[in-house]
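Numbering (the working numbering), first residue to last: -13 to 256. Just so you know, even glycine gets a beta-carbon here, dropped at the ideal spot from N, CA and C.
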Amino acid sequence: MRIATFNILHGRSLVDDRVDLDRFTDAVRRLDADILALQEVDRDQPRSHGADLTMMAAAAMGAPEHRFVATMHGTPDLWTAATGEEQPEAATYGIALLSRYPVEHWKVLTLPAPQQRVPVLFPDRRRPVLVQDEQRTAVAAVVSTREGTLSVVATHLTFVPGWNVAQLRHLVRAVRDLPRPLVLLGDLNLAGGRPARFSGLRPLVVAPTFPLDRPDRQLDHILVDGDVTVTEPGTAVDLGMSDHRALHVGVSLAAAAAPAAGSAARTAQR
-13 MRIATFNILH GRSLVDDRVD LDRFTDAVRR LDADILALQE VDRDQPRSHG
37 ADLTMMAAAA MGAPEHRFVA TMHGTPDLWT AATGEEQPEA ATYGIALLSR
87 YPVEHWKVLT LPAPQQRVPV LFPDRRRPVL VQDEQRTAVA AVVSTREGTL
137 SVVATHLTFV PGWNVAQLRH LVRAVRDLPR PLVLLGDLNL AGGRPARFSG
187 LRPLVVAPTF PLDRPDRQLD HILVDGDVTV TEPGTAVDLG MSDHRALHVG
237 VSLAAAAAPA AGSAARTAQR
């Protein structure tokens, strides 16, 4: 199966500064993912033509199972934190997880966040800027694949230094009860090997994903806990939109064989 994560920048391209819905659905088709995590997803926003981008992505990839989780409510000029009680037609923004395989159950997790504005030093600024970050969440699914059960956790962590590490550690603790193997993926806003180091999970892909044109750091990650075999080397791909590259990898689940001569052998399902 192919697993992918993509920060879509609400479908906008930096080339023409437009949201083209045909371009968005074509990008999802090109990824050809069986399980896909999306970040910066709009629903009923004027800037993305009032579209439900999760539903469009689900149709494009043929994913009967999907879940959108709002983190912000309203339009960008009047953002407020989402409460989970928003009506279907409300303008919202958040993350999504989509699957071609049946989902046994879903779980939504709220991540810790600063309760007030915090100083952040951005690369183009000489002095820190006080920012109030959006609410951060994760959505988990226990998926029934042809090779067995797989837990998948999708998230978009904060860009606020220190808090992104705290959110990652909190998330790892919060999903300890989910079946293994478990894949955690998304835009973690942590570069290089830091997500693996802080989570204790194993990276399936090492490739720069940001910025789009000349990526020099990996902010998007696919991490695993448990027996998963890489069958297709992971890559970061430019899909002609967003400021991130999409990240994907082909995997197979490993099944435990009966112990032989006092040792447990493991064989990969094909």
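In the structure shown, the three-state DSSP call for T144 is coil.
Taking the C-beta atoms as reference points, V139 is found no nearer than 9 Å to G80. Take the alpha-carbon of L205 and the one of H142: they are about 10 Å apart. Sixteen is the threshold: when 16 or more other Cβ atoms of the shown chains lie within 10 Å of the Cβ of F(-8), as they do, the residue is buried.
Inclusion of E120 and T96 in the CB contact set at 9 Å is not warranted, their separation being larger than that value. The C-alpha of D110 is placed about 38 Å away from the C-alpha of D20. When rounded, the separation of the alpha-carbon atoms in P62 and A240 is 44 Å.
Looking at the DSSP output, H91 bridges to V128. Rounded to whole angstroms, the Cβ separation of V214 and V125 is 20 Å, and the two are not in contact under 8 Å. A residue is called buried when at least 16 other Cβ atoms come within 10 angstroms of its Cβ; A49 meets this threshold and is buried. For P105, the enclosing beta strand (DSSP E) has its first and last residue at 104 to 106.
By the neighbour-count definition (other C-beta atoms within 10 Å, threshold 16), A127 is a buried residue. Residue pairing by DSSP puts I208 in a beta bridge opposite L171.
In the DSSP assignment, V216 falls within the beta strand (DSSP E) that extends over 214 to 223. Exclusion of the five residues before and after P98 leaves A152, Q153, H156 as the residues of its chain whose Cβ lies within less than 7 Å of its Cβ.
Judged by DSSP secondary structure, R155 falls outside any beta strand (DSSP E) and instead within the alpha helix (DSSP H) spanning 149 to 160.
L174 is a Cβ neighbour of H207, given a cutoff of 9 Å.
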